[in-house]
Amino acid sequence: MLDIKFIKKNIDLIKETVRVKNIDLDVNHLVGVYDKKIELLKNIEDIRKEKNKNTELVKEAIDKKECLKIIQEGKLLKEKLQKLEEEYKKINKEFQELMLLVPNVYSDDTPIGRDEKDNKELYRWAEIPKFDFLIKSHLELGRELDLIDIEAGAKVSGFRGYFLKNEAVLLHFAILWHSLNKLLQKGFKLLLPPTLAREFALTGSGHFPFGKNEIYQIANPGRLASEKKISEPLFLTGTSEPSLLGYYANQVLDEKDLPIKMAGISQCYRSEVGSYGKDTKGLYRLHEFMKVEQVVICKNDVKESAKYFAEILSIAEEILQDLNLPYRVVQMCTGEMGPGKFKMYDIETWMPSQNAYAETHSDSNLTDWQARRLNIKYKTGNGEKQYVYTLNNTGVASPRILIPILECHQQSDGSIKIPEALRPYLNNKEFISKLTRT
RNA sequence: GGAGGCGUGGCAGAGCGGACGAAUGCGCCGCACUCGAAAUGCGGUAUUCCGAUAAUAUCGGAAUCGAAGGUUCAAAUCCUUCCGCCUCCGCCA
1 MLDIKFIKKN
11 IDLIKETVRV
21 KNIDLDVNHL
31 VGVYDKKIEL
41 LKNIEDIRKE
51 KNKNTELVKE
61 AIDKKECLKI
71 IQEGKLLKEK
81 LQKLEEEYKK
91 INKEFQELML
101 LVPNVYSDDT
111 PIGRDEKDNK
121 ELYRWAEIPK
131 FDFLIKSHLE
141 LGRELDLIDI
151 EAGAKVSGFR
161 GYFLKNEAVL
171 LHFAILWHSL
181 NKLLQKGFKL
191 LLPPTLAREF
201 ALTGSGHFPF
211 GKNEIYQIAN
221 PGRLASEKKI
231 SEPLFLTGTS
241 EPSLLGYYAN
251 QVLDEKDLPI
261 KMAGISQCYR
271 SEVGSYGKDT
281 KGLYRLHEFM
291 KVEQVVICKN
301 DVKESAKYFA
311 EILSIAEEIL
321 QDLNLPYRVV
331 QMCTGEMGPG
341 KFKMYDIETW
351 MPSQNAYAET
361 HSDSNLTDWQ
371 ARRLNIKYKT
381 GNGEKQYVYT
391 LNNTGVASPR
401 ILIPILECHQ
411 QSDGSIKIPE
421 ALRPYLNNKE
431 FISKLTRT
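Okay, structure coming up:
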């Protein structure tokens, strides 16, 4: 969300942003609705003023007849007001809904473009591994080493279901655990948030209304303490970001408490309805997975937010470096970056079976776009209130990260060499192979 | 599982239909006293929105007493629902 006054002042910029971010929004219409809303509001406040005055008159009236007359007048004003307020409710709702569609502006260095072809590769880390034997995909390795069972996953959970087994379970938790420890050491506070969230949290983060069909909705939200059925919708979050930000919704923070750096770990749910037929094989695109997510809330300052944008990027890189995985950092173009994002980098990790880099991390600076939706402010030194800036990046997501780990670290004998950083979590084992299975 | 109570400004806490955006105390800010501080005295001290003059102020108006509805000419105050918190009894760890 942006400030409507900012939108009105910079209408051409907003129209251009809507265009390059491929958003379906008529900016002129939005402004028209706002103007109508304000006109109505003025009208309503005038009548309220009259009504308030009338109420005073009742108190002053001595004569009974006079009093009745004033009360009659009050009744009329009340009716008039009710009609206008109903109208206002309608137009305000329309206004609010349109405002939720307004994208954030993008940074000067963001490439303008439609799709991934217009993204800009910034740099690479480490050489792509060369193998002098025929490599196997993570699925083949997973089957041979009894680490992954897709068939059983589909049997129990359906399409995109999976079981991790044996060392893959340890590996999965090792990676998450390692990332949490790293973030803890870097001063992040750890949170295990709810994955069952109310609508406001997802609207606030910007997942709604844009990505609404990507999110699972609970068919049976349960009952209240009073035994009544819960009538508000509930959703399964696709990342811990909505919950971590929702934690601070409607709060005024203290400047001295900023930045707030959070590491959330949660199960993540994605319906993937928009990606039929895409990445149908293996552990790449799943309906549920686990993720350690980095979220930063900082001061209303582009420079400072750039600092944290770089910091959470480098933490993610560090994690990949610990895992000894080659990757590249790519800057997303306007069409790829999502409405709320001011600036966005993806980290793509090398996946030998795809013979390509593929997305494993996503680093975003949302400036105050989410904060406005969630009403998160802070008080500056001179008592002024400002919206905070928010940023987020993946810490690590698993099982997706198991793909490069298994594939990049496979050995000619069919075993997997475990990255050193993870060995403490796997009983100091160096290899996963059938022979070392205990 | 049963019974009851509470939710008001930064905090504590009164008000329980019109004089209430809200007593009082604490805190905070300013001024006075003081070499300085403490103590004391005096004054100020919520937020959001709209509008007008005007570049971060002033004035006018509206809304807000956990949330949403309702009754009334008029609601912090009455009614309904919800949320949160607390106490007691029972039950199970």
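The numbering of the first sequence is this note's numbering, which starts it at 1 and goes up by one. Idealized CB from N, CA, C, for every residue including glycine. Since the model is a prediction, treat every value here as computed from it, not as a measurement.
At which residues does the alpha helix (DSSP H) containing E140 begin and terminate?
H138 to E144 is the extent of the alpha helix (DSSP H) around E140.
For V329 and Y308, which I take to be in contact (beta-carbon distance under 8 Å), what is that distance rounded to the nearest angstrom?
That pair is no contact at about 16 Å.
Going by C-alpha to C-alpha distance, which of Q251, K261 and G222 sits closest to K189?
K261
Counting Cβ pairs closer than 8 Å, one from the stretch 333–352 and one from the stretch 117–126, do we hit at least three?
Contact between the stretch 333–352 and the stretch 117–126 is established, with three or more Cβ pairs separated by less than 8 Å.
Output the boundary residues of the alpha helix (DSSP H) element that contains K53.
Counting along the chain, the alpha helix (DSSP H) containing K53 begins and ends at V27 to E60.
At least 3 beta-carbon pairs within less than 8 Å: the stretch 376–384 vs the stretch 401–409:
no
Beta-carbon contacts of K155 that lie in its chain and below 8 Å, excluding the five residues immediately before and after
G161
Which of the three DSSP states is assigned to S412 in this structure?
coil
Exposed or buried, which one is F342 when buried takes at least 16 other CB atoms within 10 Å?
buried
To which residues of the same chain is K15 closer than 7 Å at the C-beta, ignoring the five residues directly before and after it?
V27
Would K377 and V252 be called neighbours here (beta carbons separated by less than 8 Å)?
yes
Looking only at its chain, what residues have a beta carbon closer than 7 Å to the beta carbon of A152, apart from the 5 residues adjacent to it on each side?
Around A152: F163.
Within 10 Å of its beta-carbon, does Q217 have 16 or more other beta-carbons around it, so buried, or fewer, so exposed?
Counting Cβ neighbours within 10 Å, Q217 comes out exposed, since fewer than 16 surround it.
Does the pairing of the stretch 386–395 with the stretch 305–323 give three or more beta-carbon distances under 8 Å?
yes
What's the C-alpha gap between F208 and K53?
43 Å
Starting from the Cα of I70, find the closest Cα among K51, Y88, E86 and E79 and give me that residue.
K51
Coarse secondary structure for D257, derived from DSSP in three states:
Helix at D257.
Apply the 10 Å Cβ neighbour rule to G206 and answer buried if 16 or more other Cβ atoms are within range, or exposed otherwise.
buried
Could you have a look at M1 and say whether DSSP puts it in helix, strand or coil?
coil
May I have the straight-line CA-CA distance separating R372 from G238, to the nearest angstrom?
21 Å
May I ask which residues mark the beginning and end of the alpha helix (DSSP H) holding Q82?
K64 to M99
From this set, I112, S137, K21 and Y88, which residue's C-alpha is nearest G441's C-alpha?
In this structure the chain extends from 1 to 438, so residue 441 is not present and cannot be described.
Using beta-carbon positions only, say whether E232 and G274 come within less than 8 Å of one another.
no
Cβ atoms of I319 and L180: under 8 Å apart, would you say?
no
For K80, I'd like the list of residues in its chain whose CB is within less than 8 Å of its CB, leaving aside the five on either flank, ordered along the chain.
I47
Sub-8 Å separation of L448 and A168 beta-carbons
Outside the displayed range of the chain (1 to 438) lies residue 448, so it cannot be described from this structure.
Give me whichever residues DSSP pairs with F163 in a beta bridge.
DSSP lists D149 as the beta-bridge partner residues of F163.
The alpha helix (DSSP H) enclosing A197, as first and last residue numbers
Counted as a single uninterrupted DSSP element, the stretch harbouring A197 is not any alpha helix (DSSP H) but the beta strand (DSSP E) occupying residues L196 to R198.
From this set, L76, R270, E420 and K37, which residue's C-alpha is nearest L236's C-alpha?
R270
Decide if the stretch 407–427 is in contact with the stretch 358–374; the criterion is three or more beta carbon pairs, one per stretch, under 8 Å apart.
no
Extent of the continuous beta strand (DSSP E) run through T360:
Counting along the chain, the beta strand (DSSP E) containing T360 begins and ends at A356 to N365.
Residue of W350, E317 and P339 minimising C-alpha distance to P326
The shortest CA-to-CA distance from P326 to any of W350, E317 and P339 is the one to W350.
What are the start and end residues of the alpha helix (DSSP H) that includes V18?
I11 to V20
Between the C-alpha atoms of H178 and D109, what's the straight-line distance to the nearest angstrom?
The C-alpha of D109 is placed about 33 Å away from the C-alpha of H178.
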